[in-house]
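Visitor: Numbering-wise (this note's numbering), the sequence shown opens with residue 252 and increments by one.
Input: one structure, supplied below.
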Amino acid sequence: MFSLMKPALTVPILTPSHSPTISAGSRWRTTTRFRYGTFSAQIRCPGGNTSGLNFNLYLSSLEGDKSQDEIDFEFLGKDRTIVQTNFYNAGTGNREKIHHLGFDCSDKFHLYVINWGPDSIEWLIDGKIIRTEERKEGLGFPHRPMFLYASIWDASYIAKGSWTGTYVGCDAPYHCLYKEIHVPAGTVVVEDI
């Protein structure tokens, strides 16, 4: 479930009070795919004890497909002063990089941008390039049409909690806020899914 609330899109995660071992997440995506362009959103991550949570903005050719192309901004709940960037081609990733933000991503809105082209990807925060990747001969590079997604979810089961921390849930419900979401309308790809 998500809701459009002025001034932002709210994506919550709830923990049922009757079961500390069950949690839920929320996700939204665009209704169409895009091939290349500039994607952006102003994001304010949830506050409180967010250990175990992953909140994000990413492009993916198809969620749940093990051969997906993907480009990520991922906030790791164990430390709201870092963000992880990553990209996949045909399901192959392992190109993660951690970036120190210099701020707590829950304090206020910040602008996150992905510039994706046939030969390069740039990740920007508040107008500053934090990472650039160029296509390299012989290595896969994202080229499939992709949806824009955002979600918040309990990722504490991955690597036994070492990636995002152990989920506590003591400050649920958590709300990740998104506003001024922009996609490159001129690069919409119409196809059967």
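We treat Cβ as the ideally placed atom computed from N, Cα and C, and that holds for glycine.
Because the structure is a prediction, the values reported are computed rather than measured.
Please report the residue range of the beta strand (DSSP E) in which R278 lies.
Guide: Position 27 of the sequence shown, counted from the start, is the residue given in the question as residue 278. First-last of the beta strand (DSSP E) with R278: 277-280.
Visitor: By the three-class DSSP mapping on this structure, what secondary structure does P435 have?
Guide: Counting from one through the sequence shown, the residue named residue 435 turns up at place 184. Coil.
Visitor: Helix or strand or just coil, what does DSSP make of G288?
Guide: Here residue 288 corresponds to residue number 37 of the sequence shown, with the count starting at 1. Three-state DSSP puts G288 in a strand.
Visitor: To the nearest angstrom, how far is it from the Cα of M256 to the Cα of L428?
Guide: In the sequence shown, residue 256 corresponds to position 5, counting from 1. In the sequence shown, residue 428 corresponds to position 177, counting from 1. For M256, the pLDDT reaches just 44, beneath the cut-off of 50, and the residue's location in the model is therefore unreliable, leaving the point undetermined.
Visitor: Confirm the yes/no value for this check: CB of D422, any heavy atom of the ligand SAH, distance under 6 Å.
Guide: Annotation note on the ligand SAH: not contained in the displayed structure, which lists no ligands.
Visitor: Please list the terminal residues of the continuous beta strand (DSSP E) segment that includes H361.
Guide: Start at 1 with the first residue of the sequence shown, and residue 361 comes out as number 110. Where H361 is concerned, the enclosing beta strand (DSSP E) stretches over 361-367.
Visitor: Taking contact to mean 3 or more Cβ pairs, one atom from each stretch, closer than 8 Å, check whether the stretch 408-426 and the stretch 371-389 are in contact.
Guide: In short, these stretches do not touch, since the Cβ pair count stays below three.
Visitor: Closest to Y339 by CA distance: which of H350, S291, D323 is it?
Guide: Translated into positions along the sequence shown, residue 339 becomes position 88. Out of H350, S291, D323, D323 has the C-alpha closest to the C-alpha of Y339.
Visitor: Can you find at least 3 beta carbon pairs, one from the stretch 414-424 and one from the stretch 298-312, that sit closer than 8 Å?
Guide: At 8 Å Cβ cutoff, the stretches touch.
Visitor: Please confirm if L327 has its CB atom under 7 Å from at least one CB of chain B.
Guide: The structure shown contains no chain B, having only a single protein chain.
Visitor: Nearest-angstrom Cα distance between E325 and W404?
Guide: Counting from 1 along the sequence shown, the entry for residue 325 is found at position 74. Counting from 1 along the sequence shown, the entry for residue 404 is found at position 153. Between E325 and W404, the C-alpha separation is close to 11 Å.
Visitor: Can you tell me which residues form a DSSP beta bridge with A447?
Guide: The question about residue 447 has no answer here: the residues shown for the chain are numbered 252 through 444.
Visitor: For Y425 versus Y309, is the C-beta spacing smaller than 7 Å?
Guide: Looking up residue 425 in the sequence shown gives position 174. Looking up residue 309 in the sequence shown gives position 58. No, they are not a contact pair.
Visitor: Helix, strand or coil for G353 per DSSP?
Guide: Position 102 of the sequence shown holds residue 353. Three-state DSSP puts G353 in coil, outside helix and strand.
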